[in-house]
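Peer 1:
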Amino acid sequence: MNKKVIDLLNAARSRELLAISQYMIEHYELEDKGFGKLGDEIKATAIVEMKHAEVLGERILFLGGTPTTKPDGEAKKGLSIEEMLDINVKLEEEAIKMYNDSAKACADAGDMISKQLFESLLKDEEDHLDDFDTKKGLVKSMGDTYLVTLLD
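Sequential numbering from 1 applies to the sequence shown in this note's numbering.
1. Taking K135 and L85 to be in contact with their CB atoms under 8 Å, please state how far apart those CB atoms are, rounded to whole angstroms.
2. With the cut-off set at 8 Å, would you say V5 and S120 are in Cβ contact?
3. How many Å lie between R13 and T69 at the Cα?
4. Should E92 go down as buried or exposed, given a rule of 16 or more other Cβ atoms within 10 Å for buried?
5. Using only CA atoms, which one of A11, E83, S21 lies nearest to A44?
6. Spatial neighbours of V139 within its chain, please: C-beta separation below 8 Å, excluding the five flanking residues on both sides.
7. Count the other CB atoms, across all protein chains shown, that sit within 10 Å of the CB of L151; report buried if there are 16 or more and exposed otherwise.
8. Helix, strand or coil, according to DSSP, for A53 in the structure here?
9. How big is the Cα-Cα spacing for A11 and D72?
10. With distances taken Cα to Cα, identify the nearest neighbour of G65 among S141, L8, D127.
11. In terms of residue numbering, what span does the alpha helix (DSSP H) encompassing L129 cover?
12. Quick check on the DSSP output: the alpha helix (DSSP H) that includes K104 runs from which residue to which?
13. Spatial neighbours of E26 within its chain, please: C-beta separation below 8 Å, excluding the five flanking residues on both sides.
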């Protein structure tokens, strides 16, 4: 059992749990405000993050550790759409940095399977970042004209 690798996997799992909580709160709030299209897109992202948390937990168990159930922070509520997208961009940027650093650390520890796991998660996180960043740019450049397209 490599404690350092397990700690990296648990830190990543904790970040995924925070992202899941944040994205699901946003989904509920957006649905409630009539922005169902955007809410559904963010919910789909949360489901991908749930799959990430699952595979991280499975790897932790395989290595003899205990998967954390604690998110790395608390989801923020009552935000504007622009604030939601700002937070989501930040979460994805932090995940990308964490997964790049963790992949290198796993390679240094000789755990190539965990390294590959982190690398496989990176593609999804980069896609999420691109999606949130694009939406953020559209909100800034088009304002209400874009927001109307996100209504039910």
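Each residue gets a CB set at the ideal place from its N, CA and C atoms; glycine is no exception.
Peer 2: The short version:
1. Position 135 of the sequence shown holds residue 135. Position 85 of the sequence shown holds residue 85. About 6 Å separates the two Cβ atoms, so the contact holds.
2. Here the question's residue 5 lines up with position 5 in the sequence shown. Here the question's residue 120 lines up with position 120 in the sequence shown. No, Cβ-Cβ distance for V5 and S120 is not below 8 Å.
3. Position 13 of the sequence shown, counting from 1, holds the residue named residue 13. Position 69 of the sequence shown, counting from 1, holds the residue named residue 69. Answer to the nearest angstrom: the Cα atoms are 8 Å apart.
4. Looking up residue 92 in the sequence shown gives position 92. Buried: at least 16 other Cβ atoms inside 10 Å.
5. Residue numbering aside, residue 44 sits at position 44 when the sequence shown is read from its first letter. The shortest Cα separation from A44 among A11, E83, S21 belongs to S21.
6. Position 139 of the sequence shown, counted from the first residue, corresponds to residue 139. These residues qualify, in order along the chain: I81, E82, L85, Y146, L147.
7. Reading the sequence shown from its first residue, position 151 is the one you call residue 151. When all chains shown are included, L151 counts as exposed.
8. For the purposes of this step, residue 53 is identified with residue 53 of the sequence shown, where counting begins at 1. In the structure shown, A53 adopts helical secondary structure according to DSSP, grouped into three states.
9. Translated into the one-based positions of the sequence shown, residue 11 becomes position 11. Translated into the one-based positions of the sequence shown, residue 72 becomes position 72. Take the alpha-carbon of A11 and the one of D72: they are about 8 Å apart.
10. Position 65 of the sequence shown holds residue 65. The candidate whose alpha carbon is nearest that of G65 is L8.
11. Walking along the sequence shown from the start, residue 129 turns up at place 129. Segment 112 to 142, the alpha helix (DSSP H) holding L129.
12. The sequence position of residue 104 within the sequence shown is 104, counting from 1. First-last of the alpha helix (DSSP H) with K104: 81 to 108.
13. Counting from one through the sequence shown, the residue named residue 26 turns up at place 26. So the list reads G39, I42, L79, M84, N88, once near-sequence residues are dropped.
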